[in-house]
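According to my numbering, the sequence shown is numbered sequentially starting from 1. The beta carbon of each residue, even a glycine, is placed where N, CA and C say it ideally should be. Everything numeric in this text was worked out from a predicted model, so none of it was measured. In what follows, a single structure is set out as structure tokens and then discussed.
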Amino acid sequence: MSHAKNSSPKIALAHDWLNQMGGAENVLERLVELYPGAPVFTTIYGPALMPEAYRRWDIRPTWLNRAPAIHRHHQPYLPLYPPAVESMDFSGYDLILSNKSGFIHGLRHTPEQLHICYCLAPTRYVWDYGSYAAREGFGRWVGWLIEPLIRRLRRWDYEAAQGSGGAGEQGRRGAGVDYFIAISKDIQARIKKYYGRESVIIYPPVDTGHFRPLPPGQSPGDFYLVVSRLIPYKRIDLAVQALTRLGQRLIIVGDGRDRARLETIAGPTVEFKGRLPGNEVAELMAHCRAFLFPGFEDFGIAPVEAQAAGRPVIAFGQGGALDTVIEGQTGLFFREQSVEALIATIAQFERTSFNPAAVRANAERFSVERFKQELGAFVAKKWQEFKSRE
1 MSHAKNSSPK
11 IALAHDWLNQ
21 MGGAENVLER
31 LVELYPGAPV
41 FTTIYGPALM
51 PEAYRRWDIR
61 PTWLNRAPAI
71 HRHHQPYLPL
81 YPPAVESMDF
91 SGYDLILSNK
101 SGFIHGLRHT
111 PEQLHICYCL
121 APTRYVWDYG
131 SYAAREGFGR
141 WVGWLIEPLI
151 RRLRRWDYEA
161 AQGSGGAGEQ
171 GRRGAGVDYF
181 IAISKDIQAR
191 IKKYYGRESV
201 IIYPPVDTGH
211 FRPLPPGQSP
221 GDFYLVVSRL
231 IPYKRIDLAV
241 QALTRLGQRL
251 IIVGDGRDRA
261 RLETIAGPTV
271 EFKGRLPGNE
281 VAELMAHCRA
291 FLFPGFEDFG
301 IAPVEAQAAG
311 RPVIAFGQGG
321 ALDTVIEGQT
331 GLFFREQSVE
341 ALIATIAQFE
351 RTSFNPAAVR
361 ANAERFSVER
371 FKQELGAFVA
381 KKWQEFKSRE
């Protein structure tokens, strides 16, 4: 390589696609801040669909970026993502940091290059296609048609996740992940289950500084709060039905294809606000009685934001909520995704008191500054270990 043993590595970032905003892009923004000047390799990039600030980055899409209508309809091109990822050229870089929810971990590199993968989730489209298809509204017949493709992609995905020079044809072609980082205990377990790989946990960054608890002595409002995309797997229907049955106020912030259905089952105490500016969301967070989080998520940023505003969370007790909410101290769990279980937990919540300062302190465990410190230290340590083996 071009760098001396103890010098800083030349770093490249790798990201699955840049045609929509979500949690993966929030992480990427912090990686760009942590490693300014590092290019961002990605399969596709639609500048008009991304924040203007991205246009100042060195973004390098693949040949797949030229496919017709791919920026707005990328799912039909699913079989082409692995070869697009394999076509990326990382010549001249010492360390590659991939930010993965899809196929980007299958990038090619040489034995002299270190690949660290920040894994948001093992590729959902191949390991849990049934749930993914249901979430996206695909018909069952679509799954039957592409089942052979899913099996091939699953083999590719597994081999790509092995250590450098690892198992199978993929390893011989120079792909492989040297180290996995998981975003939660649930994702850590899935990395082990699907890839047979160990990982460390570094929680994603949450902008806790944007949220503030109410001043001491000031009481919250009389409403419960949901902030979410309104799509079926988020299970906002549980919150709507529970608060309608209880006759208590529920404010829902967000939009999505499930909104019309949710409005038909909502009673007069449920209010749909649509999308709101960040400062208005922060105000609602600070003033709500509790934040409701009825879905199953790999991590879940919104419950951490609510805790940063000093408000407790009532969450479904699986997935990332188990990492971010401390039962009895910063919130409560309901263990079954049913209206009855949520109603019972709300009743328990109304008999329980929470300390806003302690709730806020828990949220600080997930701050942007903590993320940058932990990730930066891990990358630096693994780089030194990698170079010392030469």
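Contact under 9 Å by Cβ, residue i with residue j
{"i": "Ile201", "j": "Asp323", "result": "yes"}
{"i": "Phe223", "j": "Gln188", "result": "no"}
{"i": "Leu292", "j": "Gly267", "result": "no"}
{"i": "Asp178", "j": "Leu114", "result": "yes"}
{"i": "Val281", "j": "Val227", "result": "yes"}
{"i": "Ile251", "j": "Lys273", "result": "yes"}
{"i": "Ala290", "j": "Ile346", "result": "yes"}
{"i": "Ala341", "j": "Phe334", "result": "yes"}
{"i": "Thr208", "j": "Phe366", "result": "yes"}
{"i": "Leu149", "j": "Lys372", "result": "no"}
{"i": "Ala14", "j": "Val40", "result": "yes"}
{"i": "Gly37", "j": "Leu120", "result": "no"}
{"i": "Gln329", "j": "Phe354", "result": "yes"}
{"i": "Ile236", "j": "Pro294", "result": "yes"}
{"i": "Gln337", "j": "Leu238", "result": "yes"}
{"i": "Tyr118", "j": "Ile183", "result": "yes"}
{"i": "Ile78", "j": "Tyr125", "result": "Per the sequence presented here, residue 78 reads as Leu, with Ile not at that position. Yes, the Cβ-Cβ distance between Leu78 and Tyr125 is below 9 Å."}
{"i": "Leu214", "j": "Val253", "result": "no"}
Buried or exposed by the 16-neighbour rule on C-beta atoms within 10 Å, applied to residue i
{"i": "Lys185", "result": "exposed"}
{"i": "Lys381", "result": "exposed"}
{"i": "Gln307", "result": "buried"}
{"i": "Gly166", "result": "For Gly166, the predicted structure reports a pLDDT of 40, less than 50, and the residue's modelled location is therefore unreliable. A value from the coordinates is still provided. Per the 10 Å Cβ criterion, buried."}
{"i": "Arg63", "result": "It should be noted that the sequence gives Trp, not Arg, for residue 63. Looking at its Cβ environment, which holds fewer than 16 other Cβ atoms inside 10 Å, Trp63 is exposed."}
{"i": "Leu95", "result": "buried"}
{"i": "Gln170", "result": "Here Gln170 scores only 40 on pLDDT, less than 50, and its place in the model should not be relied on; the value that follows carries that caveat. Per the 10 Å Cβ criterion, buried."}
{"i": "Lys193", "result": "exposed"}
{"i": "Ser199", "result": "buried"}
{"i": "Thr352", "result": "exposed"}
{"i": "Arg275", "result": "exposed"}
{"i": "Ile265", "result": "exposed"}
{"i": "Gly319", "result": "buried"}
{"i": "Leu49", "result": "exposed"}
{"i": "Asn19", "result": "buried"}
{"i": "Pro312", "result": "buried"}
{"i": "Trp141", "result": "For Trp141, the predicted structure reports a pLDDT of 46, less than 50, and the residue's modelled location is therefore unreliable. A value from the coordinates is still provided. With fewer than 16 Cβ atoms within 10 Å of its Cβ, Trp141 is classed as exposed."}
{"i": "Pro303", "result": "buried"}
{"i": "Arg257", "result": "exposed"}
{"i": "Arg72", "result": "exposed"}
C-alpha distance - residue i paired with residue j, whole-angstrom precision
{"i": "Ala67", "j": "Arg212", "result": "45 Å"}
{"i": "Met21", "j": "Leu246", "result": "35 Å"}
{"i": "Arg30", "j": "Phe90", "result": "21 Å"}
{"i": "Lys100", "j": "Ala358", "result": "33 Å"}
{"i": "Pro356", "j": "Pro82", "result": "47 Å"}
{"i": "Gly217", "j": "Gly376", "result": "39 Å"}
{"i": "Ala43", "j": "Arg55", "result": "Checking the sequence shown, residue 43 turns out to be Thr, not Ala. Taking the straight line from one Cα to the other gives about 16 Å."}
{"i": "Arg173", "j": "Gly102", "result": "Any answer about Arg173 is weak, because its pLDDT of 49 lies below 50 and its placement is not dependable; what the coordinates show is given next. Taking the straight line joining both Cα atoms gives about 19 Å."}
{"i": "Gly92", "j": "Val85", "result": "17 Å"}
{"i": "Pro232", "j": "Asp255", "result": "12 Å"}
{"i": "Tyr203", "j": "Pro61", "result": "27 Å"}
{"i": "Ala396", "j": "Arg229", "result": "The first residue shown for the chain is 1 and the last is 390, placing residue 396 beyond what the model contains."}
{"i": "Leu225", "j": "Ser8", "result": "46 Å"}
{"i": "Thr123", "j": "His109", "result": "20 Å"}
{"i": "Ser388", "j": "Glu112", "result": "12 Å"}
{"i": "Lys151", "j": "Trp127", "result": "The sequence as given places Arg at residue 151; Lys does not occur at that position. About 9 Å."}
{"i": "Glu374", "j": "Val368", "result": "10 Å"}
{"i": "Ser397", "j": "Glu159", "result": "Residue 397 cannot be examined here, being either before or after the span of the chain that is shown, 1 to 390."}
{"i": "Glu52", "j": "Arg154", "result": "35 Å"}
{"i": "Ala363", "j": "Glu305", "result": "7 Å"}
{"i": "Val270", "j": "Asn279", "result": "21 Å"}
{"i": "Pro47", "j": "Gly163", "result": "34 Å"}
{"i": "Tyr195", "j": "Leu262", "result": "38 Å"}
{"i": "Gly168", "j": "His105", "result": "Legend: pLDDT at Gly168 = 38, less than 50; position of this residue unreliable, no value from coordinates given."}
{"i": "Val379", "j": "Val325", "result": "27 Å"}
{"i": "Pro76", "j": "Ala361", "result": "44 Å"}
{"i": "Leu28", "j": "Glu147", "result": "32 Å"}
Contact belief for residue i with residue j at Cβ below 8 Å, rounded distance in angstroms
{"i": "Ile11", "j": "Leu97", "result": "6 Å"}
{"i": "Pro205", "j": "Cys288", "result": "Not really, about 23 Å apart at Cβ, beyond 8 Å."}
{"i": "Ala321", "j": "Gly300", "result": "6 Å"}
{"i": "Asn65", "j": "Tyr45", "result": "6 Å"}
{"i": "His74", "j": "Trp156", "result": "Contact flag wrong, Cβ pair sits at about 18 Å."}
{"i": "Ile116", "j": "Ile70", "result": "Contact flag wrong, Cβ pair sits at about 28 Å."}
{"i": "Ala175", "j": "Arg197", "result": "That pair is no contact at about 14 Å."}
{"i": "Leu332", "j": "Ile343", "result": "Rounded, the Cβ-Cβ distance is 12 Å, inconsistent with contact."}
### Whole runs of the beta strand (DSSP E) within the region 293-339, excluding any shorter than 3 residues
313-316 and 331-334
### Query
What runs of the alpha helix (DSSP H), each 4 residues or longer, lie entirely inside the region 76-105?
81-86
### Message
Suppose only complete runs of 3+ residues qualify. What are the beta strand (DSSP E) ranges in the region 210-257, listed by chain order?
### Response
223-227 and 249-253
### Message
To test your reading of the DSSP string, which unbroken beta strand (DSSP E) runs of 3 or more residues are found completely within the region 3-60?
### Response
11-15 and 40-42
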